[in-house]
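Engineer:
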Ligand code: SF4
Ligand code: SF4
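In the numbering used here, the protein residues as written are 2 to 415.
1) What's the C-alpha gap between residue 84 and residue 326?
2) Is the stretch 355 to 367 close to the stretch 387 to 399, with three or more CB pairs under 8 Å?
3) Roughly how many angstroms lie between the CA atoms of residue 21 and residue 221, to the nearest whole one?
4) Would the beta-carbon of residue 295 be found less than 7 Å away from any heavy atom of ligand 1?
5) Helix, strand or coil for residue 397? Go by DSSP, reduced to three states.
6) Can you give me the C-alpha to C-alpha distance between residue 286 and residue 409, rounded to a whole angstrom?
7) I need the boundaries of the beta strand (DSSP E) containing residue 133, first residue and last residue.
8) Indicate the three-state DSSP secondary structure (helix, strand or coil) for residue 280 in the structure shown.
9) Helix, strand or coil: which one does DSSP assign to residue 286?
10) Does the count of Cβ pairs from the stretch 25 to 44 and the stretch 239 to 255 closer than 8 Å reach three?
11) Would you say the beta carbon of residue 393 is closer than 7 Å to some non-hydrogen atom of ligand 1?
12) Which partner residues does residue 28 have in the DSSP bridge list?
13) For residue 401, I'd like the list of residues in its chain whose CB is within less than 6 Å of its CB, leaving aside the five on either flank, ordered along the chain.
14) According to DSSP, is residue 295 helix, strand or coil?
15) Please name the residue, chosen from 62, 176, 43, that lies closest to residue 256 on a Cα-to-Cα basis.
16) Going straight from the alpha carbon of residue 358 to that of residue 350, what length do you get?
17) If you reduce the DSSP assignment to three classes, tell me which class residue 146 lands in.
18) Would you call residue 2 buried or exposed, if buried means 16 or more other Cβ atoms sit within 10 Å of its Cβ?
19) Mapping DSSP to helix, strand and coil, what is residue 407?
20) When we look at the beta-carbon of residue 248 and count the other beta-carbons within 10 Å, is it buried (16 or more) or exposed?
21) Using DSSP with H/G/I as helix, E/B as strand and the rest coil, what is residue 50?
22) Is any heavy atom of ligand 2 found at a distance shorter than 7 Å from the C-beta of residue 303?
23) What does a CB cutoff of less than 6 Å around residue 375 pick up in its chain, not counting 5 residues either side in sequence?
24) Near residue 442, what residues of its chain come up, given a Cβ to Cβ distance below 8 Å and the 5 sequence neighbours on each side ignored?
25) In whole angstroms, give me the CA-to-CA distance for residue 281 and residue 383.
26) Less than 7 Å between the CB of residue 188 and some heavy atom of ligand 4, yes or no?
27) Apply the 10 Å Cβ neighbour rule to residue 191 and answer buried if 16 or more other Cβ atoms are within range, or exposed otherwise.
28) Should the stretch 293 to 306 be regarded as contacting the stretch 340 to 356, the criterion being three or more beta carbon pairs within less than 8 Å?
29) Within 7 Å: the Cβ of residue 317 and any heavy atom of ligand 2?
30) Go through its chain and collect everything with a Cβ distance to residue 244's Cβ below 8 Å, but skip five positions before and after it.
31) Check whether the Cβ of residue 372 sits closer than 7 Å to any heavy atom of ligand 1, and report yes or no.
32) Residue 189: which of 331, 118, 355, 30 sits nearest, CA to CA?
33) Could you compute how far the alpha carbon of residue 323 sits from the alpha carbon of residue 367?
34) With a threshold of 16 other CB atoms inside 10 Å of the CB of residue 78, please say whether the residue is buried or exposed.
35) Anyone know if the C-beta pair for residue 197 and residue 266 falls short of 8 Å?
36) Say the cut is 7 Å; is the CB of residue 292 nearer than that to a heavy atom of ligand 2?
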């Protein structure tokens, strides 16, 4: 299954000024039909766990932000989101981020919340999230859509299960402890089983999800291997024939990845890394021919550091706030990127289409200076070949030695 990678949508939460923040990522899963009498006790258990966890994290690893990925479905997802939102009020702003991940495009997903009560709950839940991302339709569903037929929603829930598992270090599951060996695809037990069943395939999937964060991949895999699934016992109204004692509700159990799996994944990771770093050991040919292709084309981001913003504003001889207002956009309220001109083939705002030159060339951002020696393009020979299709300078001109490539690559992670 091809998962979307997190490059663009989650990037602002993972990087600041080109530096990887190494966030602690929690994914959330759970039943929709929580037994109503259990809700209060569940909230209490979650509150205690999260408050304790955030206190330790804010003391021991305060530079690592905490990110929650949550499908925002009725029931468990929304309950966890509410508790996270309450508890985070006691911690520094921006330390804990809540991101809604829809299993399908938003216009399809909102159909799950069509009656007035669930619609209102969903709208309330969306008010507390910091950002939302929507997974695309699977290939099969896209074909159904193109033919005007109904999509298979269950396929999208399986995609969400994969995405949540492959994107997180830790999993929070509000689970009734049933069906672990025979889970319904895309359901809570399935997400939990996928999380614990960390195989070679999961490793590849995880790496694909995080391409092109190459220097961070090892850290990301280690975070995942050292993470845990924390389950909270959650009875469901659909399977409860009689009331149960409330003291068992919210009881937590922690599951970790077994040691032998851990060791085997580390070995595979070492092998993969060795292969990846070797392919451009002999250097690569590159010489810009000034076609301007990398400053135009599909929408994207040209990230700026504070220092670069100041330099460009000085170069243009305008105040910083005017520069930011006129030439940049704030992405998710966190990070600035240069504006593009949609009416003109998404040209960068500083691209002069007549001369095909950058109008701030001497002070252009590091992202532009280091092209095409970006993590994402050096990931593999295939990625480099793809880049060379749009950049005629690749594979031309002088040989750039490995050491020089590495200096440029490490300047910024793109
Ligand atoms: S696409 Fe390549 S050759 Fe064209 S301007 Fe950009 S770096 Fe130069
Ligand atoms: S700042 Fe200059 S080099 Fe960078 S994308 Fe814009 S026009 Fe191109």
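The beta carbon of each residue, even a glycine, is placed where N, CA and C say it ideally should be.
Structural biologist: In terms of the structure at hand:
1) 36 Å
2) By the criterion of at least three beta-carbon pairs nearer than 8 Å, the stretch 355 to 367 is not in contact with the stretch 387 to 399.
3) 11 Å
4) yes
5) In the structure shown, the three-state DSSP call for residue 397 is strand.
6) 14 Å
7) 132 to 135
8) coil
9) Reduced to three states, the DSSP call for residue 286 is strand.
10) yes
11) At least one heavy atom of ligand 1 is found less than 7 Å from the C-beta of residue 393.
12) 70, 172
13) 284, 285, 287
14) helix
15) 176
16) 12 Å
17) helix
18) With a pLDDT of 38 at residue 2, under the threshold of 50, the modelled position of this residue cannot be trusted; read the value that follows with caution. Exposed, by the Cβ-count rule.
19) When secondary structure is reduced to three states using DSSP, residue 407 falls in the helix class.
20) exposed
21) helix
22) yes
23) 415
24) This structure does not reach residue 442, given that the chain is present from 2 up to 415, and the question cannot be answered.
25) 12 Å
26) Annotation note on ligand 4: not contained in the displayed structure, which lists ligand 1 and ligand 2 as its ligands.
27) Label assigned to residue 191: buried.
28) yes
29) no
30) Non-local C-beta neighbours of residue 244 in its own chain, meaning closer than 8 Å and more than five positions away in sequence, comprise 38, ordered along the chain.
31) yes
32) 30
33) 21 Å
34) buried
35) no
36) no
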